[in-house]
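*Asks:*
In the numbering used here, the protein residues as written are 127 to 459.
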């Protein structure tokens, strides 16, 4: 049974910031939605409510960073990346300032529809020189991403999870900058998964058993994309490579993998599981992940495409398990 952790970011952040007086939080009228209401109450003099003015918030964060503070901007991912993109680029990334941009509701984790679903945020942030991109896939990632981001001398964008989050990895094995988690070893197929898609990938690899030898890595650093073990894993997959992400297949993990394979001369097919150059719509996370092929069934179809095997029975086996997402409460706005 996978353990569900309630509000791991809210609980960890208050304690983590206790002995770091330079840490400030900037919020844009989404304080409780981004789980920093406890921080506001614990350290009211270190909390700044900027109102619904994200462009201005980025400029203020840049100024605070220049004065020696460590600003942590908290808002929804679309309001970190899409709306104030020019301010992030010119005020934060260009001068390489240590501003931490914490983006909630990445991809299809919200029923809010296209205005709130950040399906292009990784692609946008990957365009910016100096920007580091981290993505959380479970409660352990959420708790340990603070130390990782704090260690980076320049700007960091974090795809953050909130609410009730499964713990897939031991708390004693924190996220490491630029280092993927190797979850299984194999030579038939290589699977790279990121974010919430890793839970589905784990379920599928488990169900495959001995039918295929699978190399599975959970990728939490999306930029820089230079972990040496990635290239070795990509080369080992005799049948090919599959990437799985809660994002458009354009600009995210799938694109980064394609670029790495092409530049290193890695031969073989690549199947990218993600949003296929479309906008989603408002619905539950479970429905959206199934509708757009980002769940177990979507990954099984990709494996069948590469291996030529008929794996239809796996879907039935997986449905009989109690997934962590079934135990957690659904996301809201």
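Heads up, the beta-carbon is just placed ideally off N, CA and C, and yes, glycines get one too.
Short of 7 Å in beta carbon distance, which residues of its chain neighbour residue 203, apart from the five on each side in sequence? Order them along the chain.
*Replies:* Position 77 of the chain shown, counting from 1, holds the residue named residue 203. Excluding residues within five positions, the ones whose Cβ falls inside 7 Å are 229, 230, 231, 232, 244, 247 and 285.
*Asks:* Let me check understanding here. Comparing Cα to Cα, which of 271, 430, 171 and 289 lies closest to residue 365?
*Replies:* For this step, residue 365 is matched to residue 239 along the chain shown. Among 271, 430, 171 and 289, the Cα nearest to that of residue 365 is on 430.
*Asks:* May I have the straight-line CA-CA distance separating residue 158 from residue 428, to the nearest angstrom?
*Replies:* Your numbering for residue 158 matches position 32 in the chain shown. Your numbering for residue 428 matches position 302 in the chain shown. Each residue's Cα considered, the two are about 38 Å apart.
*Asks:* Exposed or buried, residue 129, counting other C-beta atoms within 10 Å across all chains shown (16 or more means buried)?
*Replies:* Within the chain shown, the letter at position 3 stands for residue 129. So residue 129 ends up on the exposed side.
*Asks:* Note down, in chain order, each residue of its chain lying with its Cβ closer than 7 Å to the Cβ of residue 358, except the 5 sequence neighbours on either side.
*Replies:* For this step, residue 358 is matched to residue 232 along the chain shown. Around residue 358: no qualifying Cβ.
*Asks:* For residue 422, which residues in the same chain have their Cβ closer than 6 Å to its Cβ, ignoring the five residues on either side in sequence?
*Replies:* Translated into positions along the chain shown, residue 422 becomes position 296. Excluding residues within five positions, the ones whose Cβ falls inside 6 Å are 326, 329, 330 and 444.
*Asks:* Could you give the distance in angstroms between the alpha-carbon of residue 348 and the alpha-carbon of residue 174?
*Replies:* Within the chain shown, numbered from 1, the residue matching residue 348 stands at position 222. Within the chain shown, numbered from 1, the residue matching residue 174 stands at position 48. One C-alpha to the other measures close to 29 Å.
*Asks:* Please report the distance separating the alpha-carbon of residue 350 from that of residue 274.
*Replies:* Locating residue 350 in the chain shown gives position 224, where the first residue counts as 1. Locating residue 274 in the chain shown gives position 148, where the first residue counts as 1. Rounded to whole angstroms, residue 350 to residue 274 spans 13 Å at the Cα level.
*Asks:* Could you check where the beta strand (DSSP E) with residue 341 kicks off and where it finishes?
*Replies:* Position 215 of the chain shown, counted from the first residue, corresponds to residue 341. Start and end: 340–344.
*Asks:* State the beta-bridge partners of residue 232 as determined by DSSP.
*Replies:* Sequence index remark: in the chain shown, residue 232 carries index 106 (1-based). Its beta-bridge partners are 244.
*Asks:* Is the Cβ-Cβ distance between residue 414 and residue 426 less than 8 Å?
*Replies:* To locate residue 414, count along the chain shown from 1; it is residue 288. To locate residue 426, count along the chain shown from 1; it is residue 300. It is not a contact, given that the beta carbons lie outside the stated cut-off.
*Asks:* Candidates 397, 363 and 161: which alpha carbon is nearest residue 375's?
*Replies:* Mapped onto the chain shown, residue 375 falls at position 249. Taking only the C-alpha atoms, the option nearest residue 375 is 397.
*Asks:* Applying the 10 Å Cβ sphere with the 16-neighbour rule, what's the burial state of residue 418?
*Replies:* Translated into the one-based positions of the chain shown, residue 418 becomes position 292. With 16 or more other Cβ atoms within 10 Å, it is buried.
*Asks:* In the structure shown, what three-state DSSP assignment does residue 68 receive?
*Replies:* What is shown of the chain runs 127 to 459, which leaves residue 68 out entirely.
*Asks:* Contact defined as beta carbons within less than 8 Å: I believe residue 227 pairs with residue 271. What is the distance between those atoms, to the nearest angstrom?
*Replies:* Position 101 of the chain shown, counting from 1, holds the residue named residue 227. Position 145 of the chain shown, counting from 1, holds the residue named residue 271. Not really, about 12 Å apart at Cβ, beyond 8 Å.
*Asks:* In chain order, what residues of the same chain have a beta carbon less than 6 Å from the beta carbon of residue 451, not counting five sequence neighbours either side?
*Replies:* One-based indexing of the chain shown puts residue 451 at position 325. Any reading at residue 451 must be qualified, since the residue scores a pLDDT of 47, below 50, and its modelled position is unreliable; no value is offered.
*Asks:* Could you give the uninterrupted runs of the beta strand (DSSP E) lying entirely in the region 269–322, keeping only those of 3 residues or more?
*Replies:* List check, beta strand (DSSP E) in window: 282–285, 290–293, 307–310 and 315–319.
*Asks:* Are residue 360 and residue 309 close, meaning C-beta to C-beta below 8 Å?
*Replies:* Within the chain shown, the letter at position 234 stands for residue 360. Within the chain shown, the letter at position 183 stands for residue 309. For residue 360 and residue 309, no; Cβs fall outside 8 Å.
*Asks:* Among the residues of its own chain, which have a CB less than 6 Å from the CB of residue 206, if the five just before and after it don't count?
*Replies:* Walking along the chain shown from the start, residue 206 turns up at place 80. Closer than 6 Å at Cβ, skipping near neighbours: 227 and 229.
*Asks:* Would you mind stating whether residue 138 and residue 196 have Cβ atoms separated by less than 8 Å?
*Replies:* In the chain shown, residue 138 corresponds to position 12, counting from 1. In the chain shown, residue 196 corresponds to position 70, counting from 1. No, the pair does not count as a contact, with Cβ atoms beyond the cut-off.
*Asks:* What is the rounded straight-line gap between the Cα of residue 282 and the Cα of residue 434?
*Replies:* What you label residue 282 is simply residue 156 of the chain shown in a count that begins at 1. What you label residue 434 is simply residue 308 of the chain shown in a count that begins at 1. Cα-Cα distance, rounded: 41 Å.
*Asks:* What would DSSP say about residue 378, mapped onto helix, strand or coil?
*Replies:* In the chain shown, residue 378 corresponds to position 252, counting from 1. If DSSP states are grouped into helix, strand and coil, residue 378 belongs with coil.
*Asks:* Run through the DSSP bridge pairs and tell me what residue 226 is partnered with.
*Replies:* Stepping through the chain shown from its first residue, residue 226 is reached at position 100. According to DSSP, which records beta bridges pairwise, residue 226 is partnered with 198 and 282.
*Asks:* Three-state secondary structure (DSSP) at residue 370?
*Replies:* Against the chain shown, residue 370 aligns to sequence position 244. In this structure, residue 370 counts as strand in the three-state DSSP scheme.
*Asks:* Looking at the unbroken alpha helix (DSSP H) that takes in residue 209, where does it start and where does it end?
*Replies:* Position 83 of the chain shown holds residue 209. Segment: none, residue 209 is in no alpha helix (DSSP H) and carries neither H nor E.
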